[in-house]
Structures are given as structure tokens and as C-alpha cells.
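Student:
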Amino acid sequence: MNGCNLECTLRDGGYSMFASWAGLAAYKPDVLGLLRNSRILVFDLDGTILDVRGSYTEATLSTARYLSAKIVGYSNIPTRDAMLDAILTLKETGNYNNDWDTTYALTLASVISTDEDISFDESITQLASLGLEDVYSMRHNFTSLDEIVRYPGSPPSSMLQSIFDSIYYGDDLYRSIYSVEPPLRFHPGLIYEEEIAVSEQTLKFLGSLMDHLGVISGRPERALIGPSRRLLEGGFKREFVFMGSTKRPWKMGSKLLLTISERTEADRIVYIGDSAEDLMLSRAAEDGVDIVFIGIYGLSLRPLRTACWLASENADVILPSADLLPLILS
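For the sequence shown, the residue numbers in our numbering are 1 to 330.
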């Protein structure tokens, strides 16, 4: 998808398009009527209305590079760009919504690449073709990886998760959450680099247009700090905000979409996400409620690649920014 011509891909996929200040937007013509007769709008949080490229993504990269260097040496760790592309490859499978899992896979791929003398890209392709349980079990093939990373597990016993959380949360929050000293001193945490990516005016308009606005996120409650908390408290009612994590977030998320449908007696929900996991979530819920899926690509690590991927997966609507939602919905 790196060489994707977005306009041609959208045209071939039967999309109608329009240019916007944020980039090319597209929609399936037959969904406009459905959208404008919908009364429930549910967002994924990260990567859709909250920019986490400076927080979760940077914590993933920093942790994977730190652990890879400890195991295979600095001279053998992949470049930053190679790891960014690898993150997208992994997330496009729908298995890597959890950033700890992504960090582990990047570290494992660095070890495989060095040990088996294959390229980092080849090792990522290999891991992307496997289920998560198989990827977890591969740590036993590499003693140094197993001893240092100790994943899956839980902080503070897992080195991977502890390093990640010390970078993401920073010293003070890490101590508050785990009641131990962080393995790395990092202040302030990258969580404070997050930025709200939807305007207050957009949320107010959507709130007036829709009966209910909701959020479903795998982010734990403890990570609602600063911009993320302000965003949720300013635009959403608490009974329609669902937080937390699970081994298979899309399975739980699909049930939550059905829960929202039952609470509101809605037969259709507009769900807005940015990832393969979000698309899987919406399709898993379709047996119980009509879902119209809107994919946001402007906050991706590689926006063009993500837009082309969304088109290849037949997302109903593809937008560069959540601030274009009023144009589509009204």
C-alpha cells in the first residue's frame, strides 16, 4: 500500500470524493441517507479524536528500541522509519490494538532478524501472519529475549510493560499506579504530549444533531489524564463512555455497541475509528445492529497508507479529520 494512489483507489472502490482543508474525503453514495437518519454516534478515542502519535507511538518505539539494544546491540536495531512501517503492518492485522503487544512484536522481530540473518521487514511479515498466542510463545526460542522482556506479564514484573509505562506515564504517575520506583526515570511522561484532535465546535454540533454521543476505548481509566480527560468530560455523558482493556478488545467492543443500541433503542449506530481493530469491532456487531463505519486517517503514522487500507476494506466513509463529520452527517 506504500505506493497507493489514493484518488484512483477510491474511484475504483466506488467512492464519491471531495477535497477538504485536511485532505481527500470519500464516502459510499448509498450510505449518505443512512448517515443522515442516524441518531447515535460512537467514537473510538485514540487516533480518531485524540492524537496519540507523541505518546503511545513514541512509547512503543522507545521501549522497543531500548529492549532491542539490550538484546542484540545498538548496531543491530532497526531504523525508526522501519519500526514505524512495522507498527502499521502489525496493526493492519487487527491483532495489535494493545501497544504492549506491538512493542513486544517489534522487539521480537529485531531478535529474529539478527538471529536468523533475515531483514527486519521479513521478520515483521512473519509475525503479522501469526496469531498472538503463537507470537507470545516464540519468546521461548530466544533465551535472552525471554529473560529480559518477560512478556506477557504485568508491571512491575514484566520488564517490557514496566519500561513502556515508565516512559508513557512518567515518574510520578508510575509510582502512584504501581507503588514502586520506575525502572527508567522519565519526566514528564509522554501521556502529557497527547492532543485533542476534534474541535469543541464540532462536538457541540454533533451533540445537537445526535441523540447521543459515545466513546468505546481500550485505554484504561488510569490513562485518562490531561487532554483525554478534558475531551471526555467536555463532550460526552458518562453513561456512554466505556473504558478498559481486554485480550481481544474488538470482541468486547462489539458487545458494547450492542449495549448502546439496547440502551437507546437504536437500530443503527455510526461508529468512528481509525484501525483494523475498529473495523473488526463494527463488523462483529452487525448481526445485532446496523453499523455505519467511518474511518479517520489523518492521525495515522502514514496517512496515505491508512486511507488506502480503509478503502481496500470498504469502509463506508473515509475522512482525514473528525472535524469533517458535520459535512457528512448533515
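Idealized CB from N, CA, C, for every residue including glycine.
Determine the burial state of residue 308: buried for a count of at least 16 other Cβ atoms within 10 Å of its Cβ, exposed for fewer.
Tutor: To locate residue 308, count along the sequence shown from 1; it is residue 308. Buried, since its Cβ has 16 or more Cβ neighbours within 10 Å.
Student: Can residue 110 and residue 52 be called in contact, C-beta distance under 9 angstroms?
Tutor: Walking along the sequence shown from the start, residue 110 turns up at place 110. Walking along the sequence shown from the start, residue 52 turns up at place 52. Cβ distance not < 9 angstroms, so residue 110 and residue 52 don't count as in contact.
Student: To which residues of the same chain is residue 264 closer than 6 angstroms at the C-beta, ignoring the five residues directly before and after it?
Tutor: The residue given as residue 264 occupies position 264 in the sequence shown. The residues are 40, 212.
Student: Nearest to residue 257 by CA position, among 236, 215, 296, 227, is which residue?
Tutor: Within the sequence shown, numbered from 1, the residue matching residue 257 stands at position 257. Selected option, being the one with the closest Cα: 215.
Student: From the DSSP secondary-structure annotation, give me the bridge partner or partners of residue 291.
Tutor: For the purposes of this step, residue 291 is identified with residue 291 of the sequence shown, where counting begins at 1. Paired residue(s): 269.
Student: Need the endpoints of the beta strand (DSSP E) that residue 27 sits in, please.
Tutor: Against the sequence shown, residue 27 aligns to sequence position 27. Note, residue 27: beta strand (DSSP E), 23-27.
Student: From which residue to which residue does the beta strand (DSSP E) around residue 19 run?
Tutor: The residue you call residue 19 lines up with position 19 of the sequence shown. Where residue 19 is concerned, the enclosing beta strand (DSSP E) stretches over 16-20.
Student: Terminal residues of the continuous alpha helix (DSSP H) containing residue 351?
Tutor: Coverage of the chain is limited to positions 1 through 330, which leaves residue 351 absent and any answer about it impossible.
Student: Which one or two residues does DSSP pair with residue 46 in a beta bridge?
Tutor: The residue labelled residue 46 in the question sits at position 46 within the sequence shown. Paired residues: 50.
Student: Which residue's Cα is closest to the Cα of residue 135: 162, 143, 29, 105?
Tutor: The residue given as residue 135 occupies position 135 in the sequence shown. Checked all of 162, 143, 29, 105; the closest Cα to residue 135 is 105.
Student: Using only the alpha-carbon positions, how far apart do residue 155 and residue 99 sit?
Tutor: On the sequence shown, residue 155 is found 155 positions in, with the first residue counted as 1. On the sequence shown, residue 99 is found 99 positions in, with the first residue counted as 1. Distance between the alpha carbons of residue 155 and residue 99: 14 angstroms.
Student: For the beta strand (DSSP E) containing residue 235, name the first residue and the last one.
Tutor: To locate residue 235, count along the sequence shown from 1; it is residue 235. Segment 227-235 is the alpha helix (DSSP H) holding residue 235; no beta strand (DSSP E) there.
Student: Measure the alpha-carbon distance for residue 150 versus residue 193 and round it to whole angstroms.
Tutor: One-based indexing of the sequence shown puts residue 150 at position 150. One-based indexing of the sequence shown puts residue 193 at position 193. Approximately 28 angstroms between the Cα atoms of the pair.
Student: Less than 9 angstroms between the beta carbons of residue 121 and residue 82, yes or no?
Tutor: Sequence index remark: in the sequence shown, residue 121 carries index 121 (1-based). Sequence index remark: in the sequence shown, residue 82 carries index 82 (1-based). Yes, these two residues count as a Cβ contact at 9 angstroms.
Student: Would you call residue 5 buried or exposed, if buried means 16 or more other Cβ atoms sit within 10 Å of its Cβ?
Tutor: In the sequence shown, the residue the question calls residue 5 occupies position 5. The residue in question, residue 5, is exposed, as its Cβ has fewer than 16 Cβ neighbours within 10 Å.
Student: Would residue 96 be called buried (16 or more neighbouring beta carbons within 10 Å of its own) or exposed?
Tutor: For the purposes of this step, residue 96 is identified with residue 96 of the sequence shown, where counting begins at 1. It is buried - the Cβ of residue 96 has at least 16 other Cβ atoms within 10 Å.
Student: Taking the alpha carbon of residue 70 as the reference point, which residue from 50, 144, 184, 19 has its own alpha carbon closest?
Tutor: If you number the sequence shown from 1, residue 70 lands on position 70. Ranking 50, 144, 184, 19 by Cα distance to residue 70 puts 144 first.
Student: Alpha helix (DSSP H) containing residue 215: first to last residue?
Tutor: Position 215 of the sequence shown, counting from 1, holds the residue named residue 215. First-last for residue 215: 212-216, but that is the beta strand (DSSP E), not the alpha helix (DSSP H).
Student: Enumerate in chain order the residues of its own chain whose CB-to-CB distance from residue 395 is below 7 angstroms, with the five nearest sequence positions on each side excluded.
Tutor: No answer is possible for residue 395: the residues shown for the chain start at 1 and end at 330.
Student: For residue 328, report the span of its alpha helix (DSSP H) as first-last.
Tutor: What you label residue 328 is simply residue 328 of the sequence shown in a count that begins at 1. Note, residue 328: alpha helix (DSSP H), 325-329.
Student: If you check the beta carbons only, do residue 321 and residue 298 fall under 9 angstroms apart?
Tutor: The residue labelled residue 321 in the question sits at position 321 within the sequence shown. The residue labelled residue 298 in the question sits at position 298 within the sequence shown. Contact: yes.
Student: Please go through the same chain and pick out, in chain order, the residues whose beta-carbon is closer than 8 angstroms to the beta-carbon of residue 118, but skip the five residues on each side of it.
Tutor: Your numbering for residue 118 matches position 118 in the sequence shown. If we look at residue 118 and ignore the five residues flanking it on each side, its Cβ neighbours are 112.
Student: Check the DSSP bridge columns for residue 195 and list the partner residues they point to.
Tutor: For the purposes of this step, residue 195 is taken as the residue at position 195 of the sequence shown. Looking at the DSSP assignment, residue 195 forms a beta bridge with 51.
Student: Between the region 22-40 and the region 198-213, do at least 3 Cβ pairs fall closer than 8 angstroms?
Tutor: Yes, the region 22-40 touches the region 198-213.
Student: Does DSSP put residue 77 in a helix, a strand or coil?
Tutor: Residue numbering aside, residue 77 sits at position 77 when the sequence shown is read from its first letter. It is coil, neither helix nor strand.
Student: Tell me which residue opens and which closes the alpha helix (DSSP H) that residue 318 is part of.
Tutor: Position 318 of the sequence shown holds residue 318. No alpha helix (DSSP H) contains residue 318, which is instead part of the beta strand (DSSP E) from 317-319.
Student: Tell me the residue span of the alpha helix (DSSP H) that contains residue 65.
Tutor: Numbered from 1 along the sequence shown, position 65 holds the residue referred to as residue 65. Note, residue 65: alpha helix (DSSP H), 58-72.
Student: Contact defined as beta carbons within less than 8 angstroms: I believe residue 209 pairs with residue 20. What is the distance between those atoms, to the nearest angstrom?
Tutor: One-based indexing of the sequence shown puts residue 209 at position 209. One-based indexing of the sequence shown puts residue 20 at position 20. No, residue 209 and residue 20 are not in contact; Cβ-Cβ is about 19 angstroms, not under 8 angstroms.
Student: Does DSSP put residue 6 in a helix, in a strand, or in coil?
Tutor: For the purposes of this step, residue 6 is taken as residue 6 along the sequence shown, with counting starting at 1. Three-state DSSP puts residue 6 in a helix.
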